[in-house]
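K.L.:
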Amino acid sequence: MDIYFAGSIRGGREDVQLYAALVKYLQSYGTVLSEHIGDKTLTDTGEQSADKFIHDRDLGWLFQSNVVVAEVTQPSLGVGYELGRLVGFKRTPILAVYRPQEGKRLSTMISGCPNITVSKYHTLDEAVHHIDSFMMNHRFQKK
Numbered sequence: 282m283d284i285y286f287a288g289s290i291r292g293g294r295e296d297v298q299l300y301a302a303l304v305k306y307l308q309s310y311g312t313v314l315s316e317h318i319g320d321k322t323l324t325d326t327g328e329q330s331a332d333k334f335i336h337d338r339d340l341g342w343l344f345q346s347n348v349v350v351a352e353v354t355q356p357s358l359g360v361g362y363e364l365g366r367l368v369g370f371k372r373t374p375i376l377a378v379y380r381p382q383e384g385k386r387l388s389t390m391i392s393g394c395p396n397i398t399v400s401k402y403h404t405l406d407e408a409v410h411h412i413d414s415f416m417m418n419h420r421f422q423k424k
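When you line the sequence shown up against this note's numbering, it's residues 282 to 424, in that order.
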């Protein structure tokens, strides 16, 4: 199974350690095409590749994926763009996990979208539980 993991890069890397843990966990289900999101050496300047190359590659992975998991606590134009593109063109199951924080609110374009399952969590264990429930509901199994 191909999994696309979305998380903030240029919007801020505050949650990179969490992204790495989520990517590692998702690998128990299949291949995480976008595993670089959890790379701790990747900064908010992004990769050194050309913007068009990154755009085309990531959209290719997105549309190839069987499931998408997005960590959406850190606002990201790129993640919003990816989810919007996917919802508009393909019926891939999408889980958005979100940590409620004082002074931050999840965009209603994510929380109000009927094609995106949003799950709030406070700990990594809770996020993993939401991932497992989502995968089970969509009949995806660990490898």
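Glycine included, every Cβ here is placed at the ideal spot set by N, Cα and C.
Put Tyr-402 into one of helix, strand or coil per three-state DSSP.
P.N.:
DSSP places Tyr-402 in coil when its eight states are reduced to three.
K.L.:
Which two residues bound the contiguous alpha helix (DSSP H) that contains Ile-284?
P.N.:
Run containing Ile-284: none in the alpha helix (DSSP H); it sits in the beta strand (DSSP E), 283-287.
K.L.:
With a 10 Å radius around its C-beta and 16 neighbouring C-beta atoms as the bar for buried, classify Gly-341 as buried or exposed.
P.N.:
Exposed, because fewer than 16 other Cβ atoms sit within 10 Å of the Cβ of Gly-341.
K.L.:
Return the residue from the list Lys-385, Tyr-402, Thr-404 and Ala-377 that minimises the CA-CA distance to Gly-393.
P.N.:
It is Ala-377 whose Cα lies nearest to the Cα of Gly-393.
K.L.:
Need the endpoints of the alpha helix (DSSP H) that Leu-307 sits in, please.
P.N.:
Its alpha helix (DSSP H) spans residues 297-307.
K.L.:
How far does the beta strand (DSSP E) with Ile-375 in it extend, from its first residue to its last?
P.N.:
Counting along the chain, the beta strand (DSSP E) containing Ile-375 begins and ends at 375-379.
K.L.:
Can Gln-355 and Asp-406 be called in contact, C-beta distance under 8 Å?
P.N.:
Against a cut-off of 8 Å, the Cβ pair of Asp-406 and Gln-355 comes out as no contact.
K.L.:
How close, in whole Å, do the beta carbons of Gly-369 and Ile-290 come, if the pair is a contact with beta carbons under 8 Å?
P.N.:
That pair is no contact at about 22 Å.
K.L.:
Look up Ala-408 in the DSSP assignment and say whether it is helix, strand or coil.
P.N.:
Helix at Ala-408.
K.L.:
When DSSP labels each residue in this structure, what does Thr-312 get in the three-state scheme?
P.N.:
In this structure, Thr-312 counts as strand in the three-state DSSP scheme.
K.L.:
DSSP state of Val-353, grouped into three classes?
P.N.:
In this structure, Val-353 counts as coil in the three-state DSSP scheme.
K.L.:
Quick check on DSSP: helix, strand or coil for Gln-422?
P.N.:
The answer is coil: DSSP assigns Gln-422 none of H, G, I, E or B.
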